[in-house]
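Residue numbers (my numbering), protein chains in the order written: chain C, 2 to 152; chain G, 2 to 152; chain Y, 1281 to 1701; chain X, 1281 to 1701. Ideal Cβ positions, reconstructed from N, Cα and C, are used throughout, including at glycine.
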Ligand SMILES: Cc1ncc(COP(=O)(O)O)c(C=O)c1O
Ligand SMILES: Cc1ncc(COP(=O)(O)O)c(C=O)c1O
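Structure representation (structure tokens):
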């Protein structure tokens, strides 16, 4: 293990040039997540259209891993079907919790495979997952709200 | 250290044939003491006459050391002047707390010198002192009561 | 007797415990019959402690550095081991405390605090807490203090002359008023193992929680929390080959989730503002401050050690010894047992009195012979009061105890009688 | 720099600490700069633990046997050593807890319980508790919980931009309503050492208690409770060369006597009846259950170790290192200190940010170089909020830290900047 396993070029790129960063209006669901050990924070908003994630916008303070991960999240789920996005979420979570023993599928995870090394750093897994947890929660809130409105 | 250091013949004698045992009426002060570690209990009554301890009566449950010590206490203080009795108390307490390094004075402590070995058994010191603490407390109560009556 | 119908080779086991080679005053070998008070530690546990401090020592859950990650992994791994050892469905249900007493106090205290959202977890003046007359002080005083604070009524099961729980009044005692039944699994003074299921059944009928004090059962026999069907248990590391300074509270997730936090600070928080804080999920919610890290690692190793021997074997070994000890001690004139006389539903803890001789004197003379027993009320004074005695002498066995040590005890008691005769 | 104006020979001291020979991933030597989180342990402490478990292990205060007497003597002897170490007038004023957090909670909890006879020791809705914005969570959350239970108002001293206590409003803050001022002696994030005497003087005027969190001062400089003139202090063994699993509460006799019991059970009682109990005198009143026996023995040895080196020398060594570190780190463009920039009234804990790089990333790259620092809010989140930062990188020094390690840190930070630049 060296720093390079963790800080892949792709990660540093996303960190320095994040995709889709910034909180945008309108949105259907929002979630704010905190990493208690380090004080990192991440807010994620989703805008749904039918069965699709029309936009995912985000903002937060945190380390390169959490920032880059949010950028990759945006790249992978914005414009995609909600069920597909949840599948990607599952795959990314599995990769993170796999102690470095899970082989990532590039077709599903795209740039996300660069995070494979993070799984070997227990203290950083939460950083990588922060935005993904917020995304899941934001969609759940959006759907709950929509359900209420229909009722 | 062997059992014989602790269980001197004199101690076993007092244990098997205690002097002055039993609670007697009338009395001027009474005290009940408990040893929390083993549940031993001792009640001591004093009857005062002028500056003298006219009688000291006692009863309790406990080990050979606590029972023999009460018997020696009776022997040493019943009939003696209160200030003398307190002097004896001080000497006995000093002996017990002296970690086996205090040379007991037979003139003051009489059979009490047999307890010198107890000082080397931290768990038993409290047993030996139980009746003596009760005696001191009983006299204090008697004097306080007398003071109140005079006032 | 030298042959015991035991699946354990105690002579072999003894080699794992350095202290058992200790010579006492007068060059006497140590006959340690006080394991219910605290157990001795195998070499494996001492090595684990040394290795932790010499190679991996760091604080947990706070560091991104290598030592911190190693220490955290070791600490959390100990939690996983303990959870498996007691059959806990989730490792998050295992909370490390400083001893069993803290675990018991944690529950009494949080129920009494009034801070739980759900009223089932708040004690009040219309409620009862039910304990038993054979509890250790650590499962009496916390409830007395809790009841004093909240006006809750404290009730208890009495004892039969045989040293067993009097359960004939179960239905009158455990009622709709009862919020929690807190009772000992195996008595540390009587040796009695309580039958838990009828009480759990009744508690379920009336919606009461059940907490079991397993300080004397988890070290000595297989304990499976799922099988027991209780809500909470407490036990302590130092009685099960582990270090001092660590205990365990196990609780069902729903129950631990519902209890408000106990001690505040350190890593038990989610976020802290000067004006208010939110708390971490279990188990961390109940682990304020730097936990007993090295001690958890040691306890994890102790659990491995016990599991390797097999708790079924440990229990069988102690049963054989107890049978033998009850038989041999029972033959001595003037020896009276306090607790079950038959080796049925009881553990390897044998309390007795010797006619006309105070336990302090019994213990003292035994000590001169190198035999370590405990004398006193064993932190269960109500039991002594119940049986009208000031104290008992208690011999307690563990996996390293041999029948020869029981023989030494029997000979010792006879010598005591000669001495004071 | 290789020569430090320090009275300690750190190279010699390092030989006492086995872990400092540890090689990390990539065969890097360990540069341990996280002692404010937890300290490393000298061989003497590890030997004392092993010797205790291998030769003297038994429960305390309960046994008449030889091992029990030895364990009790060792445990109580540790209390005597700790009392002498902090200048306590009586050894009975030293209570062993599981960590500093428990000591702080003990005081908050017993004040909030409402069980004290004397109203000065009962918190209520007309009272204030005063803390500071630079407290560790362990001295915030207990008071938040206590205030929540009792309706007491929580107030706090703010911080200056320099990282010092804002005391200009002392008289408005500490008033007749104030029951207790609870504050940190040395901040674990800022390094600031607070000046205690003006606050004690004001507290005395209004009849408030003063409790000092000495978790970061007792390990690093001479602390004399009598000189400080406070009522209570808390500290923790693992930060002062001692084992995990032990902390200390010291309190003036009158204060500890007046506080009601905290945890119930075990040896904290005088007598127990099913209907009510009475309690042992201090310190045992506050030590429920089997205490951290081996850990107390280890802490006693740690205190001996520190005393032999001399706490004045330890403090001087750290001052020299801190001066050097502030100077060298201060030369790096983009490094900003959080806490006093001058080595005056501050300890060897240096928090900083690196422009544009998150502390997690700083810590991670340093770790790859074998340099262990802590990153995050250091359990003092309000300080981060106060200074508008999410977290800091913190290097903290101890008696085994060398100037070469400071150099390694400085080089490491530069490498971090290159990496993310
Ligand atoms: C200032 C301060 N107070 C309290 C604590 C809590 O100490 P412990 O974690 O040992 O309870 C710490 C250390 O974490 C600290 O730095
Ligand atoms: C039945 C029982 N419960 C609770 C305890 C308390 O355990 P600890 O002293 O480790 O808190 C003990 C042991 O002393 C015990 O035997």
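Taking only beta-carbon atoms, is residue i less than 7 Å away from chain G?
| i | result |
| --- | --- |
| residue 1344 of chain X | yes |
| residue 1281 of chain Y | Note that residue 1281 of chain Y has pLDDT 48, beneath the 50 cutoff, so the model's placement of it is unreliable and the number below is only indicative. Closer than 7 Å: no. |
State the CB to CB distance for the pair residue i and residue j, rounded to an integer number of angstroms; the pair is presumed to be in contact (CB under 8 Å).
| i | j | result |
| --- | --- | --- |
| residue 1395 of chain Y | residue 1540 of chain Y | 4 Å |
| residue 59 of chain C | residue 45 of chain C | 5 Å |
| residue 1463 of chain Y | residue 1413 of chain Y | Not really, about 10 Å apart at Cβ, beyond 8 Å. |
| residue 1461 of chain X | residue 1497 of chain X | About 16 Å separates the two Cβ atoms, so there is no contact after all. |
| residue 1420 of chain X | residue 1450 of chain X | Going by Cβ atoms, the distance from residue 1420 of chain X to residue 1450 of chain X rounds to 20 Å, so no, they are not a contact pair. |
| residue 1410 of chain X | residue 1371 of chain X | Incorrect: roughly 30 Å between the Cβ atoms, too far for contact. |
Quick one: is residue i near chain Y, going by C-beta distance under 7 Å?
| i | result |
| --- | --- |
| residue 19 of chain C | no |
| residue 1299 of chain X | yes |
| residue 1524 of chain X | yes |
Can you name the start and end residues of the alpha helix (DSSP H) that residue i belongs to?
| i | result |
| --- | --- |
| residue 89 of chain C | 83–97 |
| residue 1324 of chain X | 1323–1331 |
| residue 28 of chain C | Unbroken run through residue 28 of chain C: none, as it is neither H nor E. |
| residue 59 of chain C | No alpha helix (DSSP H) holds residue 59 of chain C; the beta strand (DSSP E) holding it covers 53–62. |
| residue 1588 of chain X | 1573–1589 |
| residue 1647 of chain Y | 1639–1648 |
| residue 1666 of chain Y | 1661–1666 |
| residue 1319 of chain X | Element bounds for residue 1319 of chain X: n/a, residue is neither H nor E. |
| residue 12 of chain C | 10–17 |
If you measure from the beta carbon of residue i to each beta carbon in chain C, is any gap under 7 Å?
| i | result |
| --- | --- |
| residue 1356 of chain Y | no |
| residue 1332 of chain X | no |
| residue 1640 of chain X | yes |
| residue 1349 of chain Y | yes |
Hey, could you find the ends of the beta strand (DSSP E) residue i is sitting in?
| i | result |
| --- | --- |
| residue 1377 of chain Y | 1374–1377 |
| residue 1615 of chain X | 1615–1618 |
| residue 1434 of chain X | 1433–1437 |
| residue 1674 of chain X | 1672–1676 |
| residue 1350 of chain X | Looking at the DSSP string, residue 1350 of chain X is not in any beta strand (DSSP E); the run it does join, the alpha helix (DSSP H), is 1346–1365. |
| residue 1459 of chain X | 1458–1464 |
| residue 1630 of chain Y | 1629–1634 |
If you measure from the beta carbon of residue i to each beta carbon in chain X, is any gap under 7 Å?
| i | result |
| --- | --- |
| residue 2 of chain G | The pLDDT assigned to residue 2 of chain G is 43, lower than 50, so where the model puts this residue is not dependable, and the model offers no usable value. |
| residue 1464 of chain Y | no |
Near-chain Y residues of the segment 120–146 of chain C - C-beta to any C-beta below 8 Å: 122, 123, 124 and 125
In the segment 1543–1570 of chain Y, which residues sit with their C-beta less than 7 Å from some C-beta in chain C, listed in chain order? 1549, 1550, 1551 and 1560
Pull out every residue of the segment 36–66 of chain C whose Cβ sits closer than 7 Å to any Cβ of chain Y, in chain order. 37 and 38
Of all the residues that make up the segment 1645–1670 of chain X, which are near chain C by a beta-carbon distance shorter than 8 Å? From the segment 1645–1670 of chain X, only 1645, 1648, 1655, 1656, 1657, 1661, 1664 and 1670 have a Cβ closer than 8 Å to chain C.
Please name the residues in the segment 1508–1519 of chain X whose beta-carbon is closer than 9 Å to at least one beta-carbon of chain C, in chain order. none
Alpha helix (DSSP H) segments (min. 4 residues) lying fully within the segment 111–146 of chain G: none
May I have a chain-ordered list of the beta strand (DSSP E) segments no shorter than 3 residues that lie completely inside the segment 1526–1553 of chain X? 1527–1531 and 1549–1553
Residues in the segment 1305–1324 of chain Y having any Cβ partner in chain X nearer than 7 Å: Residues of the segment 1305–1324 of chain Y with a C-beta less than 7 Å from any C-beta of chain X: 1305, 1314, 1317, 1318, 1320 and 1321, listed in chain order.
If we require 4 or more residues per run, which alpha helix (DSSP H) segments fall completely within the segment 1386–1448 of chain Y? 1421–1430
Looking at chain X, which residues of the segment 1359–1388 of chain Y have a Cβ within less than 7 Å of any of its Cβ atoms? 1378, 1379, 1380, 1381, 1382, 1384 and 1385
Any C-beta of chain Y within less than 7 Å: which residues of the segment 1572–1593 of chain X qualify? 1572, 1573, 1574 and 1575
Which runs of the alpha helix (DSSP H) spanning at least 4 residues fall entirely within the segment 1470–1507 of chain Y, listed in chain order? 1477–1486
Members of the segment 1597–1611 of chain X near chain Y, C-beta cut-off 9 Å: none
Which of the residues in the segment 1398–1422 of chain Y, read from start to end, lie with their CB under 8 Å from any CB of chain X? 1413, 1416, 1417, 1418, 1419, 1420, 1421 and 1422
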